[in-house]
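Engineer: Protein chains in written order, with the working numbering: chain A, 100 to 808; chain B, 5 to 125. Ideal placement from N, C-alpha and C gives every residue a C-beta, glycine not left out. Please read all numbers here as calculations on a predicted model, not as lab measurements. One structure is given below, represented as C-alpha cells, and several questions about it will come after.
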Amino acid sequence: MDIPNQVYLEEAYELLSELEDALIEVEQRPDDKDLIDRIFRAMHTLKGSGAMFGFNDIAEFTHTIETVYDYVREYKLTVNKYLVSLTLSACDQIKAMLDVFQGRGTVDESEVNSITDEFLKLIPGDDENALSGPIDSSRSGSNKDEGGHKVTYRIRFIPHENLFKNGTNPLLLLNELRAFGENRIICHIQNIPDLRDIKPESCFVSWDIILTTSREINEIRDVFIFVEGISDISIDVIDEADIEEQDYKRIGEILFDRGDITLKDLELILSKQKLIGEMFVESGAVDQTQVASALVEQEHIRTIRKKNRTTGDNTSSIRVASDKLDSLVNLVGELVTVQARLIQFSATQKNPDLTAIAEEVKRLSTGLRDNAMGIRMMPIGTTFAKFKRLVRDLSTELGKEINFTTEGAETELDKTVIEKLGDPLIHLIRNSIDHGVESPDMRTAAGKPPQGSIRLSAVHSGASVLISVHDDGAGLDADVIKAKAIDKGIISPDVALSEKEIFELILAPGFSTAQNVTCVSGRGVGMDVVVSNIESFGGSVFISSKKGLGTTITLKLPLTLAIIDGLLVTIGGDYFVIPLGTVVECVELSKEDKRRAHGRHIARVREEIIPYIYLRKLFCINGSQPKIEQIVITEINDRRVGFVVDNVIGQHQTVIKNLGKVLKNVEGVSGATIMGDGAVSLILDINKLFLLAGIDESKNFTEKAVGMY
Amino acid sequence: MTKNILSVDDSASIRQMVSFTLEKEGYGVIEASDGNDALARIQTKMIDLVITDLHMPNMDGIGLIKALRADSQYRFTPIVMLTTESNSSKKDEGRRAGATGWIVKPFKPEQLVAVVKKLIG
Chain A
100 MDIPNQVYLE EAYELLSELE DALIEVEQRP DDKDLIDRIF RAMHTLKGSG
150 AMFGFNDIAE FTHTIETVYD YVREYKLTVN KYLVSLTLSA CDQIKAMLDV
200 FQGRGTVDES EVNSITDEFL KLIPGDDENA LSGPIDSSRS GSNKDEGGHK
250 VTYRIRFIPH ENLFKNGTNP LLLLNELRAF GENRIICHIQ NIPDLRDIKP
300 ESCFVSWDII LTTSREINEI RDVFIFVEGI SDISIDVIDE ADIEEQDYKR
350 IGEILFDRGD ITLKDLELIL SKQKLIGEMF VESGAVDQTQ VASALVEQEH
400 IRTIRKKNRT TGDNTSSIRV ASDKLDSLVN LVGELVTVQA RLIQFSATQK
450 NPDLTAIAEE VKRLSTGLRD NAMGIRMMPI GTTFAKFKRL VRDLSTELGK
500 EINFTTEGAE TELDKTVIEK LGDPLIHLIR NSIDHGVESP DMRTAAGKPP
550 QGSIRLSAVH SGASVLISVH DDGAGLDADV IKAKAIDKGI ISPDVALSEK
600 EIFELILAPG FSTAQNVTCV SGRGVGMDVV VSNIESFGGS VFISSKKGLG
650 TTITLKLPLT LAIIDGLLVT IGGDYFVIPL GTVVECVELS KEDKRRAHGR
700 HIARVREEII PYIYLRKLFC INGSQPKIEQ IVITEINDRR VGFVVDNVIG
750 QHQTVIKNLG KVLKNVEGVS GATIMGDGAV SLILDINKLF LLAGIDESKN
800 FTEKAVGMY
Chain B
5 MTKNILSVDD SASIRQMVSF TLEKEGYGVI EASDGNDALA RIQTKMIDLV
55 ITDLHMPNMD GIGLIKALRA DSQYRFTPIV MLTTESNSSK KDEGRRAGAT
105 GWIVKPFKPE QLVAVVKKLI G
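Here you go:
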C-alpha cells in the first residue's frame, strides 16, 4: 500500500478513537470549548486529509459533520445527547469506511445517508448555503493556448505601500510573468521619497510589463492572485499577432492611452516640433521613466511585428545566383588582404593621417567581411525538409514504421557546407532506416513500440555546428563489428580496442555487417565515403550507440568554409597555416627530447607521450634545420600528434582560397591563403597528414614507448 | 543554498505529504505539529517560508501568523495558510493577520509546488 495512505489510515484510526473519547466527555460537559474544538479539528482533519489521499467518501461524509460542529463552535448550536449519539454512530461508519479500504467488512450506504440527513436537519435553516459545493482549487489550469495565438498585454502592477508587510516578494511575480513570453519591464522609481524620508519597509516602486504571450489573460491575473487586495493591477491588450496595421501607436498616443497625460497635454505638445518624448519630459507632464516605459512598449511591439513578418512570408527576400555570391565573397576576401597590407605599411610610415585612414578602412572591410559571411549563412531547415520524403519512401520500401522528427531547423550554416552535407546525411539516414531501426515485429518482440523514431537535429556549439542523426533502433553490436573487422582483415585478432574504437571500425573502407545487401545500402561503400567527405571540409564524425537502444551519429562541422582561424608557422622560409581548431598546444622540441627518444620521433609532454612528424621531411623542404624547433601538438578524435616546424608565428585569420584545378589533389593541403605581404601560405589538412605519416606506425610508437620511460 | 520551509499541521499525513512533495523539489522541510511547536522550531533554524494549517490545538494558524509577524526576523517571511474553507472569511482573517497567500485543501502536489515557487522561487 502507498506510504501516504498508510500514514493517513493510522492517523484516521487514532483520530476516531480520540473523537470517541472527546464525545463521551462533552456529553458531560457540553460547554467545554476545548472539547468542542478538539471534535471540530478531528472532523476537519479527517475531511481534509481524506480528500487529499483519495478517501472521497470519508471526506464527503465528514464535511457535513464538520459544518455542524462549526456552528457549535460559534455558539449557534448546543451539544446534547442526541448530537453525541448521532456523532458516535457517524464514527462507526467512518471506521467501517476505513476498514473497507483495508479489505475488511462493508459499508452500509443507507445508514451513512440517513446519518447525513440527520446532521443536515440540525443546521439552522437560514444558512443552507453553508454547505458549499465542491471545493474550488485553482482558478485556471495552465493550459497553453493550442493555436499559439500571441497577444501583447500591457500590465501595470502598482503595489500599495504595505505590500511587503505580508511577506510578498514582487520580483518573484515579475519572474513568473517573464516565463510567459517575450517581455520588457520598466520599473517606476519616481515615487521613491528622499533618503531622509524613506521608509525602508514600504514599497514605493511600481512596474509596467509589456508581455507578448500565448497564455490566457486569466493565467496572467492568477500571477497576482495573492496581492489583489494590496496592489492595483491593470491588464490591457495592446496588440494582437494578426492585426497588422500601419505603424504601432505613437508615443503620445501610448501615454494618452495609459492615462498618463491628458488630451490637452497631448495636443499642446504636438503643436511644437521637438522630439516628442523629450518635450513631454521637459513640459513636466510626465517624467523620464514614463516616457521610457512608453518607448519600450513601442519598441517591443515593433520587434515582435518585425519577427512575425520575417518568419511569415518571404516577400522581403531576394534570390541570388550562387556564383554572384561567391565572387562577392572573393572580392571581400581580397579587400581584407589588401587592407592588412595597408595597416602594415602605415605602421612603418608613422604618418598619423595615413594611420587613421588605414584604421577606418580596416573597420569597414571587417564589417563588410562579416556581412558577406552572414549572407552565406542559411538555415539548414530546407535540407531537413527534403528528407521527410526520403524517409517516407524508404521506410515504406523496407517495411519499417518510422516517426521522423527534426530539431534546430533554424540553425544556420555556410551554404557550401549545407550543399556538401546533403549526400552524407542521406547515407546516414538510409543506414538508420535500413540497419538501425528494426521491423515492427522485432521491435514489439523486444518490448519497444512498433514505430521507430529517427531524429535529425542541428545545434550550434562554439565555432562549430553539430548535426546528429539519432535512431532508437537496435544499436551497434560491438562483438559483431569486431568479428566482421577481423574477418575482413581490417584488424588483427589480438588487438585490444575500446568500445569507441570498435564503433569507429564501421567507418573503414569495405566494411559492412549487413547480412543482405539491399538496393538501398549494404554494399560497403558507405560510411568511409561519408567520413572522407565530411573531413574534406574540416568536419569530423562521432559515433555513440547503446545496443538495443539506438545509435547517434554526430557530424561536427565548421561554421564557415570561407574563413579560417589558423596558427601560422614557418618551415624553411615558407608559411603554413594549421587550423586552430585542431591545435592543442605548442612546445619546444629540445635536444633533451631528441636524445632521450633514441631516434624515435616521440616527445614527452608532461605525463603524455606524443609522437611527432617532421613536416620538413614530409614536404621535402630543403634548407638547414634550425637548432631549436617547435612542435605543434594537434588532436583529432582524441588522438594527439605533433608536427615539427621551425617557428610558430601566431594566430592568423584569413580568407581561404581554393587551390585550383591543378593543385586540388595534393594531399595534406586543403587550401591556401594570401598573407599581408602577398606571400602564399598553404593550409594544412591535419586529418590527411595523420594518415599520410602512417598513424598506425605512430600507434606502435606509443605502445613501445610506454616501456621506455 | 537550500531554502527551508516550515510545515505546520496537526495532521501527520498532511505534514508528510508536504515534506515529500517539497523535498523532491529540492527544498528543506521542517515539521511542526502546532503553533507553539512551530515557534520553537524557528529558534533553531532559519526558515524561508511557512506553510500552516489554520485549525490546530495549543496555538492555531491565525495565532501563529500573528506571532511570526511580530517577530522582527520573520516580519517579511512568506506565510501560506492551508484551509478547507473556500469562503472568504477565514482567508480574510488570515490575510489581516499577515498571511501572504493560501492553498485550499484538498490540493494536488503540483499546486503546492506552484505556490511555493511563486513565493520564494
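Name the chain B residues that come within less than 7 Å of A/Ala-150, Cβ to Cβ?
Structural biologist: Neighbours of A/Ala-150 on chain B, chain order: Lys-109, Pro-110.
Engineer: For A/His-287, does the count of other Cβ atoms within 10 angstroms reach 16, so buried, or fall short, so exposed?
Structural biologist: Its Cβ being crowded by 16 or more others within 10 Å, A/His-287 is buried.
Engineer: Inspect the CB distances between the stretch 478 to 497 of chain A and the stretch 530 to 547 of chain A and report whether three or more fall short of 8 Å.
Structural biologist: Yes, since at least three Cβ pairs between the stretch 478 to 497 of chain A and the stretch 530 to 547 of chain A fall closer than 8 Å, the two stretches touch.
Engineer: For the beta strand (DSSP E) that A/Pro-478 lies in, which residues bound it at each end?
Structural biologist: That run of the beta strand (DSSP E) goes 476 to 478.
Engineer: Taking a contact to mean a Cβ-Cβ separation below 7 Å, would you say A/Gly-637 touches A/Leu-654 in this structure?
Structural biologist: No, these two residues do not count as a Cβ contact at 7 Å.
Engineer: Bridge partners of A/Ser-567, per DSSP?
Structural biologist: Looking at the DSSP assignment, A/Ser-567 forms a beta bridge with A/Ser-556, A/Thr-653.
Engineer: Taking the alpha-carbon positions, what's the A/Ile-590 to A/Ala-584 distance?
Structural biologist: Going by the C-alpha atoms only, they are around 6 Å apart.
Engineer: Does chain A have any CB closer than 7 Å to the CB of B/Val-117?
Structural biologist: Chain A, which has no Cβ nearer than 7 Å to the Cβ of B/Val-117, makes this no.
Engineer: List the whole-angstrom C-beta distance separating A/Val-76 from A/Ile-782, where the pair is believed to meet the contact cut-off of C-beta under 8 Å.
Structural biologist: Since the first and last residues shown for chain A are 100 and 808, residue 76 of chain A lies out of range.
Engineer: Under 6 Å Cβ to Cβ from B/Lys-95, same chain only, skipping five residues before and after it: list those, please.
Structural biologist: Excluding residues within five positions, the ones whose Cβ falls inside 6 Å are Trp-106.
Engineer: For A/Thr-465, which beta-bridge partners are listed by DSSP?
Structural biologist: None, per the DSSP bridge assignment.
Engineer: How would you call B/Leu-123, buried or exposed, if buried means at least 16 neighbouring beta carbons within 10 angstroms?
Structural biologist: By the 10 Å Cβ count, B/Leu-123 comes out buried.
Engineer: Check whether the stretch 493 to 512 of chain A and the stretch 542 to 557 of chain A are in contact - that is, three or more C-beta pairs closer than 8 Å.
Structural biologist: Output reads yes: the stretch 542 to 557 of chain A touches the stretch 493 to 512 of chain A.
Engineer: Under 8 Å: do the stretch 195 to 210 of chain A and the stretch 104 to 118 of chain A share three or more Cβ pairs, one atom per stretch?
Structural biologist: Yes: at least three Cβ pairs fall under 8 Å.
Engineer: Do A/Pro-539 and A/Pro-523 come within 7 Å of each other at the CB atom, strictly closer than that value?
Structural biologist: No, these two residues do not count as a Cβ contact at 7 Å.
Engineer: Name, please, each residue of chain B whose Cβ falls closer than 9 Å to the Cβ of A/Thr-515.
Structural biologist: The premise fails here: A/Thr-515 is roughly 47 Å from chain B at the closest Cβ pair, so nothing lies under 9 Å.
Engineer: What does A/Arg-738 pair with, by DSSP beta-bridge criteria?
Structural biologist: DSSP, once it has assigned bridges, lists A/Ile-735 as partnering A/Arg-738.
Engineer: Could you round the C-beta distance between A/Thr-144 and B/Asp-14 to whole angstroms and report it? I think they count as a contact, below 8 Å.
Structural biologist: Between B/Asp-14 and A/Thr-144 the Cβ distance is about 7 Å, and since that is below 8 Å, they are a contact.
Engineer: Hey, B/Ile-55 and B/Val-108 are a contact pair by Cβ (cut 8 Å); roughly how many whole angstroms apart?
Structural biologist: Actually they do not touch by this definition, with Cβ atoms about 13 Å apart.
Engineer: Distance cutoff 7 Å, beta carbons only. Does A/Arg-694 sit that close to anything in chain B?
Structural biologist: Not closer than 7 Å to any Cβ of chain B, the Cβ of A/Arg-694 fails to qualify, so no.
Engineer: List the residues of chain A that B/Gly-102 touches, going by C-beta distances under 8 Å, in chain order.
Structural biologist: Those within 8 Å of B/Gly-102 in chain A are Lys-264, Asn-265, Gly-266.
Engineer: Starting from the beta carbon of B/Arg-45, find every residue of chain A whose beta carbon is closer than 8 Å, and list them in chain order.
Structural biologist: Going along chain A, no residue has its Cβ under 8 Å from B/Arg-45, so there is no contact; the nearest lies around 18 Å.
Engineer: What are the residues that DSSP puts in a beta bridge with B/Ser-11?
Structural biologist: Answer by DSSP bridge pairing, in chain order: B/Glu-35, B/Ile-55.
Engineer: Quick check on this structure: which residue in A/Leu-270, A/Lys-693, A/Phe-718 has the alpha carbon closest to the alpha carbon of A/Lys-726?
Structural biologist: Closest by alpha carbon: A/Lys-693.
Engineer: Where do the ends of the alpha helix (DSSP H) carrying A/Leu-145 lie?
Structural biologist: Residues 132 to 151.
Engineer: Could you tell me the alpha carbon to alpha carbon distance between A/Ile-663 and B/Asn-8, rounded to whole angstroms?
Structural biologist: Going from the Cα of A/Ile-663 to the Cα of B/Asn-8 covers about 53 Å.
Engineer: What's the gap between the Cα of A/Glu-506 and the Cα of A/Asn-429?
Structural biologist: About 33 Å.
Engineer: Could you give the first and the last residue of the continuous alpha helix (DSSP H) run that contains B/Met-50?
Structural biologist: Counting along the chain, B/Met-50 falls outside any alpha helix (DSSP H), and DSSP gives it neither H nor E.
Engineer: Contact criterion: CB-CB distance below 7 Å. Does A/Leu-271 meet it with respect to chain B?
Structural biologist: Yes - at least one Cβ of chain B is within 7 Å of the one on A/Leu-271.
Engineer: Which one of A/Glu-217, A/Arg-172, A/Phe-160 has the shortest CA to CA distance from A/Arg-42?
Structural biologist: The question about residue 42 of chain A has no answer here: the residues shown for chain A are numbered 100 through 808.
Engineer: Where does A/Glu-433 fall in DSSP's three states?
Structural biologist: In this structure, A/Glu-433 counts as helix in the three-state DSSP scheme.
Engineer: Please name the residue in A/Leu-527, A/Val-779, A/Gly-749 whose C-alpha comes closest to that of A/Ile-755.
Structural biologist: Here the closest residue by C-alpha is A/Val-779.
Engineer: Tell me whether the beta-carbon of A/Asp-593 lies closer than 7 Å to the beta-carbon of A/Lys-646.
Structural biologist: No.
Engineer: Nearest CA to the CA of A/Pro-478: which residue from A/Ser-560, A/Phe-602, A/Pro-258, A/Val-516?
Structural biologist: Nearest C-alpha to A/Pro-478: A/Val-516.
Engineer: Hey, quick one: how far does the alpha helix (DSSP H) through A/Gln-192 stretch, first residue to last?
Structural biologist: That run of the alpha helix (DSSP H) goes 180 to 200.
Engineer: Starting from A/Ser-780, follow its DSSP beta bridges and name the residues at the other end.
Structural biologist: Its beta-bridge partners are A/Tyr-674, A/Thr-772.
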